[in-house]
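S.K.: Supplied in structure tokens, the structure appears directly below.
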Amino acid sequence: MSSKNTLLNTAVGFGFAAALASTAVAEEITIATVNNADMIVMQKLSPQWEEATGNTINWVVLEENVLRQRTTQDIATGGGSFDIMFIGAYETPIWGANGWLTSLNEFYDDPDYDANDIFQLVRNGLSADGNLYAVPLYSETSFTFYRTDLFEKAGLTPPTEQITYTEFAELAAKLHDPENGVFGTCQRGKAGWGENMAFVGTMANAFGARWFDMEWNPQLDSPEWNAAITYYVDLMTNSGPPGATANGHNENRALFKDGKCATWVDATSAANDVRNPNTSNVADVTDFFQAPKQETDKGTGWFWSWALAIPASSQKADTAKDFLKWATSKEYFQMVGDTEGWVAVPSGTRASIHEDPRLLEAAPFAETIKNAIFSVDPADPTRDPVPYTGVQFVAIPEFQGIGNYVGQQVAAALAGQMTVEQALANSQQFAVREMTKAGYIK
Amino acid sequence: MARAVSRRTRLTNTAVAGALGFLMFFPILWILVLAFKTEEDAIRAPLEVLFGSGWTMESFTTVQERSDYFKHFSNSVVISLGSTLLGLLVAVPAAWSMAFVPSKHTRNVLMWMLSTKMLPPVGVLVPIYLIFRDLDLLDSRFGLTVVLMLINLPIIIWMLYTYFREIPGEILEAARMDGATLREEILYVLTPMAIPGIASTVLLNIILAWNEAFWTINLTASNAAPLTQFITSYSSPEGLFYAKLSAASVMAIAPILIMGWFSQKQLVRGLTFGAVK
Chain A
1 MSSKNTLLNT AVGFGFAAAL ASTAVAEEIT IATVNNADMI VMQKLSPQWE
51 EATGNTINWV VLEENVLRQR TTQDIATGGG SFDIMFIGAY ETPIWGANGW
101 LTSLNEFYDD PDYDANDIFQ LVRNGLSADG NLYAVPLYSE TSFTFYRTDL
151 FEKAGLTPPT EQITYTEFAE LAAKLHDPEN GVFGTCQRGK AGWGENMAFV
201 GTMANAFGAR WFDMEWNPQL DSPEWNAAIT YYVDLMTNSG PPGATANGHN
251 ENRALFKDGK CATWVDATSA ANDVRNPNTS NVADVTDFFQ APKQETDKGT
301 GWFWSWALAI PASSQKADTA KDFLKWATSK EYFQMVGDTE GWVAVPSGTR
351 ASIHEDPRLL EAAPFAETIK NAIFSVDPAD PTRDPVPYTG VQFVAIPEFQ
401 GIGNYVGQQV AAALAGQMTV EQALANSQQF AVREMTKAGY IK
Chain B
1001 MARAVSRRTR LTNTAVAGAL GFLMFFPILW ILVLAFKTEE DAIRAPLEVL
1051 FGSGWTMESF TTVQERSDYF KHFSNSVVIS LGSTLLGLLV AVPAAWSMAF
1101 VPSKHTRNVL MWMLSTKMLP PVGVLVPIYL IFRDLDLLDS RFGLTVVLML
1151 INLPIIIWML YTYFREIPGE ILEAARMDGA TLREEILYVL TPMAIPGIAS
1201 TVLLNIILAW NEAFWTINLT ASNAAPLTQF ITSYSSPEGL FYAKLSAASV
1251 MAIAPILIMG WFSQKQLVRG LTFGAVK
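These protein sequences, in sequence, are chains A and B. For reference, each letter of the first sequence is one residue, going 1 to 442 in the numbering used here. For reference, each letter of the second sequence is one residue, going 1001 to 1277 in the numbering used here.
Written out as structure tokens, the structure reads:
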């Protein structure tokens, strides 16, 4: 081939490459997510991003447990089925440390995005080894929902300071009126690390209990755990609804909104729904106080954040990052406020949104939520020192199995199928076996 | 001679059968009821749900707005029909050879095939997922069709084998003596005689493939996702979506329920084929 031809070919090649580079190629990204109110709003608003960028989104909406199993399997095998995953504060640090997620550190360099506006606590919870691996859509802790009308009727003064679980049980007993269809308290009883153990875990923290000591030895047969579970079983037996082992977050939320519960310690993210007159019968008579303490006030409210992350296996990371910036930007939250009402704005993520007067007017409890979230420290969740982070969970892969098993034992104790001692002995035995198998205990 | 049955026994039997039938159908009936309620009404006490609240199409409209039902529906149709037809292509010759030209290993082969159904699917999930990833078959209708064909193949072969065994071998021998080739023998002699059996096998396998929820959820994302994933997208542990979940379920099961209804006679005839000699 002559050198003239080679030059011509090279020039044509460069020209073609330059033409390709200058043409923005529209991409299709796949997002795996759960079916909750905030994600439904995001799905509704996302055509605006699609129109602005020319890209398209395939939404894969799955039930939470299915989503967890499906995304774990895909990310662990590098399947590459998803470009964005909706994951929580439990998975993010573990997956990030494993190298399964794309680092989002460059978000800090974008002044328009203003990553530092996201609460530091939340950013820490979504980071591993100093790298940010996910950006939050909303964050939550737990606090106590209570019925102002029932407190007034019973002549009780709502607490202004953090009360103890002992005092809480006394309040619940006074408010318990099953003949009139009102139960003193509704708490999670359905087995699962993300169900009953979310509440029971924080309550155990309050009683001074911890999952593991500094050598990773399980502590489930400790007197603190015994005191916590005994209290829980007694509380639910004396002041709870019948068949509480069937009630998870969803069922309790329905019971509370239907006016069947005087108190309920659960996720702050449910506050919008409970205070929304279109969806709740008790919107005007519900207020909140801090989740109780007991031996300690450490780790008494949980910490959870639902966030968006990009698997390392995604081939369209740049487009996915663009969407992530849009979906967790200040402008996005403002858009939700303008289109869905400010009471529907996801809470617990950005300082500027929590200071927005429109939010404070529509959802006066947003300040309470923010303060409750700020009172949590996942890095120091218990009275005694622990080698792990996480308030209602332990951020190690083995926790999912252990938490589920302990949840089943606690539910069995609540149902009266075994004693608290038996339930905790079984739990301890299981946890020791799992931790030994995993190499934590030599 | 038919055994005499007293009127009282007949009535009791009818009542018990009716009650059992109602009990089995009740979950579907309740889904149907909830599908026509608002989310707030759907969580009321059963009697209030039935008599104390209005009826609405709201959930169906929302579900249709939020999901592409027809994409999921067409995936379900392609996957269930495709896997059944592909299965028949393999199963008819296999069942023919086992029924008419058995060897001393036939019984063992049949038992081995059945034993593959005893393995929990999750046990082979990771290897299959990795194979699919490497062959670029994840989220593809072809990949899912092949997997569903393979997991239902033992049932198809067993059913066809049972039906073929009822057909006298002499008829096939006569066809052979008349000069029929193997293809003609299977196509023009055996198949027409086994039509009821083949029809019920096809129907049963379409139903099994339509309702299969493990592989269809685990091996798909969006392009090949059938109706099983459409249903799970309305199941949520946070926020109540019972009415929408019910509406999605009704939309997903309606086609297969209607098909089952119309082909009930064929299905029962096929399933009881050879039961009484």
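Quick reminder that beta carbons are idealized off the backbone N, C-alpha and C, glycines included.
1. What are the partner residues of residue 131/A, as DSSP defines its beta bridges?
2. Taking 7 Å as the CB-CB cut-off, is residue 1233/B touching chain A?
3. Under 8 Å: do the stretch 29-47 of chain A and the stretch 323-336 of chain A share three or more Cβ pairs, one atom per stretch?
4. Spell out a yes or no on whether the stretch 315-326 of chain A and the stretch 75-86 of chain A are touching, meaning 3 or more CB-CB pairs, one atom from each, closer than 8 Å.
5. If the cut-off is 9 Å on Cβ atoms, which residues from the stretch 1112-1135 of chain B count as contacting chain A, listed in chain order?
6. Measure from the C-beta of residue 1258/B to each C-beta in chain A and report whether the shortest distance is under 7 Å.
7. Rounded to a whole number of angstroms, what is the C-alpha to C-alpha distance between residue 1276/B and residue 1093/B?
8. Just to check my reading of the structure: residue 164/A and residue 294/A have Cβ atoms closer than 8 Å, yes? What is that Cβ distance to the nearest angstrom?
9. For residue 1150/B, which of 1230/B, 1088/B and 1252/B has the nearest alpha-carbon?
10. Does the distance from the C-beta atom of residue 97/A to that of residue 107/A stay below 7 Å?
11. Residue 186/A bridges to which residues according to DSSP?
12. When the cut-off is 7 Å and only beta carbons count, does residue 1041/B lie next to chain D?
13. Is any beta-carbon of chain A found at less than 7 Å from that of residue 1264/B?
14. Output the boundary residues of the beta strand (DSSP E) element that contains residue 88/A.
15. Hey, residue 262/A and residue 134/A are a contact pair by Cβ (cut 8 Å); roughly how many whole angstroms apart?
16. Within 10 Å of its beta-carbon, does residue 54/A have 16 or more other beta-carbons around it, so buried, or fewer, so exposed?
17. Which same chain residues end up closer than 6 Å to residue 398/A when comparing Cβ atoms and leaving out the 5 residues on each side of it in sequence?
18. Within 10 angstroms of its Cβ, does residue 271/A collect 16 or more other Cβ (buried), or is it exposed?
19. If you follow the alpha helix (DSSP H) that residue 306/A is part of, which residue opens it and which one closes it?
20. Just the C-alpha distance for residue 1166/B and residue 1190/B, rounded to the nearest angstrom, thanks.
21. Quick one: list the residues of chain B neighbouring residue 60/A, beta-carbon separation under 9 Å, in chain order.
22. Identify, in the order they occur along the chain, each residue of the same chain with its Cβ nearer than 7 Å to the Cβ of residue 381/A, setting aside the five sequence neighbours on each side.
23. Would you kindly report the start and end of the unbroken beta strand (DSSP E) that includes residue 1133/B?
24. Counting only Cβ-Cβ distances shorter than 8 Å, please list the residues of the stretch 113-128 of chain A near chain B, keeping chain order.
25. Which residues mark the beginning and the end of the alpha helix (DSSP H) in which residue 1023/B is found?
26. Check this for me: beta carbons of residue 138/A and residue 38/A, under 7 Å apart or not?
27. Counting only Cβ pairs nearer than 8 Å, list the residues of chain A close to residue 1066/B.
28. Residue 1217/B touches chain A at which residues, Cβ-Cβ below 8 Å?
29. So what's residue 1229/B in DSSP terms, helix, strand or just coil?
30. My understanding is that residue 411/A touches residue 245/A, with C-beta atoms under 8 Å, so please give their C-beta distance in whole angstroms.
31. State the CB to CB distance for the pair residue 212/A and residue 227/A, rounded to an integer number of angstroms; the pair is presumed to be in contact (CB under 8 Å).
32. Rounded to whole angstroms, what is the Cα-Cα separation between residue 52/A and residue 1227/B?
33. Could you have a look at residue 365/A and say whether DSSP puts it in helix, strand or coil?
34. My understanding is that residue 1141/B touches residue 1224/B, with C-beta atoms under 8 Å, so please give their C-beta distance in whole angstroms.
35. Considering only the beta carbon of each residue, do residue 175/A and residue 198/A sit closer than 7 Å?
36. Please name the residue or residues paired with residue 101/A in a DSSP beta bridge.
M.R.: Reading off the structure:
1. Along the first sequence, one-based indexing puts residue 131/A at 131. DSSP, once it has assigned bridges, lists 128/A as partnering residue 131/A.
2. Locating residue 1233/B in the second sequence gives position 233, counting from the first residue. Output row for residue 1233/B: interface = yes.
3. They touch, by the three-pair rule.
4. Cβ pair count under 8 Å is three or more, so yes.
5. Within the stretch 1112-1135 of chain B, the residues whose Cβ lies closer than 9 Å to some Cβ of chain A are 1125, 1126, 1129, 1130, 1132 and 1133, listed in chain order.
6. Here residue 1258/B refers to the residue found at position 258 of the second sequence. Taking Cβ atoms only, chain A never reaches closer than 7 Å to residue 1258/B, which makes this a no.
7. The residue labelled residue 1276/B in the question sits at position 276 within the second sequence. The residue labelled residue 1093/B in the question sits at position 93 within the second sequence. A caution first: residue 1276/B carries a pLDDT of 47, below 50, which makes its placement in the model unreliable, though a value can still be read off. Roughly 26 Å separates the two Cα atoms.
8. Here the question's residue 164/A lines up with position 164 in the first sequence. Here the question's residue 294/A lines up with position 294 in the first sequence. With a Cβ gap of about 5 Å, residue 164/A and residue 294/A count as contacting.
9. The residue given as residue 1150/B occupies position 150 in the second sequence. Ranked by Cα distance from residue 1150/B, the first of 1230/B, 1088/B and 1252/B is 1088/B.
10. Start at 1 with the first residue of the first sequence, and residue 97/A comes out as number 97. Start at 1 with the first residue of the first sequence, and residue 107/A comes out as number 107. No, the pair does not count as a contact, with Cβ atoms beyond the cut-off.
11. As a first step, residue 186/A must be located in the first sequence, where it is residue number 186. Beta-bridge pairing links residue 186/A to no other residue.
12. Of the protein chains in this structure, namely A and B, none is chain D.
13. Reading the second sequence from its first residue, position 264 is the one you call residue 1264/B. The beta carbon of residue 1264/B does not come within 7 Å of any beta carbon belonging to chain A, so the residue lies off that interface.
14. Start at 1 with the first residue of the first sequence, and residue 88/A comes out as number 88. Per DSSP, residue 88/A belongs to the beta strand (DSSP E) from 84-88.
15. What you label residue 262/A is simply residue 262 of the first sequence in a count that begins at 1. What you label residue 134/A is simply residue 134 of the first sequence in a count that begins at 1. Not confirmed; about 37 Å, so no contact.
16. Working through the first sequence from its first residue, we reach residue 54/A at position 54. By the 10 Å Cβ count, residue 54/A comes out exposed.
17. In the first sequence, residue 398/A corresponds to position 398, counting from 1. Excluding positions up to five away in sequence, the list reads 434 and 438.
18. Position 271 of the first sequence holds residue 271/A. With 16 or more other Cβ atoms within 10 Å, it is buried.
19. Position 306 of the first sequence, counting from 1, holds the residue named residue 306/A. Segment 304-309 is the beta strand (DSSP E) holding residue 306/A; no alpha helix (DSSP H) there.
20. For this step, residue 1166/B is matched to residue 166 along the second sequence. For this step, residue 1190/B is matched to residue 190 along the second sequence. Each residue's Cα considered, the two are about 11 Å apart.
21. Taking the first sequence and counting its residues from 1, the one referred to as residue 60/A is at position 60. What residue 60/A touches in chain B, judged by beta-carbon distance under 9 Å, is 1220, 1221, 1222, 1225, 1229 and 1233, going in chain order.
22. Indexing the first sequence from 1 puts residue 381/A at position 381. Same-chain partners within the cutoff: 205, 298, 299, 390 and 391.
23. Numbered from 1 along the second sequence, position 133 holds the residue referred to as residue 1133/B. Run containing residue 1133/B: none in the beta strand (DSSP E); it sits in the alpha helix (DSSP H), 1125-1134.
24. Per Cβ criterion, the list is empty.
25. Taking the second sequence and counting its residues from 1, the one referred to as residue 1023/B is at position 23. 1007-1035 is the extent of the alpha helix (DSSP H) around residue 1023/B.
26. For the purposes of this step, residue 138/A is taken as residue 138 along the first sequence, with counting starting at 1. For the purposes of this step, residue 38/A is taken as residue 38 along the first sequence, with counting starting at 1. In this structure, residue 138/A lies near residue 38/A, with their beta-carbon atoms less than 7 Å apart.
27. Here residue 1066/B refers to the residue found at position 66 when the second sequence is read from its first residue. 40 and 43, listed in chain order.
28. Start at 1 with the first residue of the second sequence, and residue 1217/B comes out as number 217. Contacts between residue 1217/B and chain A, judged by CB atoms closer than 8 Å, involve 62, 66 and 70 in chain order.
29. The residue given as residue 1229/B occupies position 229 in the second sequence. The answer is helix: DSSP assigns residue 1229/B an H, G or I state.
30. As a first step, residue 411/A must be located in the first sequence, where it is residue number 411. As a first step, residue 245/A must be located in the first sequence, where it is residue number 245. So it is a contact: roughly 5 Å between Cβ atoms.
31. Sequence index remark: in the first sequence, residue 212/A carries index 212 (1-based). Sequence index remark: in the first sequence, residue 227/A carries index 227 (1-based). With 8 Å as the limit, residue 212/A and residue 227/A do not qualify as a contact, their Cβ atoms being about 18 Å apart.
32. Position 52 of the first sequence, counted from the start, is the residue given in the question as residue 52/A. Position 227 of the second sequence, counted from the start, is the residue given in the question as residue 1227/B. Computed Cα separation, rounded: 31 Å.
33. The residue you call residue 365/A lines up with position 365 of the first sequence. Residue state, collapsed to three classes: coil.
34. The residue labelled residue 1141/B in the question sits at position 141 within the second sequence. The residue labelled residue 1224/B in the question sits at position 224 within the second sequence. Indeed, because the Cβ distance is near 5 Å, the residues count as touching under 8 Å.
35. Reading the first sequence from its first residue, position 175 is the one you call residue 175/A. Reading the first sequence from its first residue, position 198 is the one you call residue 198/A. No, Cβ-Cβ distance for residue 175/A and residue 198/A is not below 7 Å.
36. Here residue 101/A refers to the residue found at position 101 of the first sequence. Residue pairing by DSSP places residue 101/A opposite 311/A in a beta bridge.
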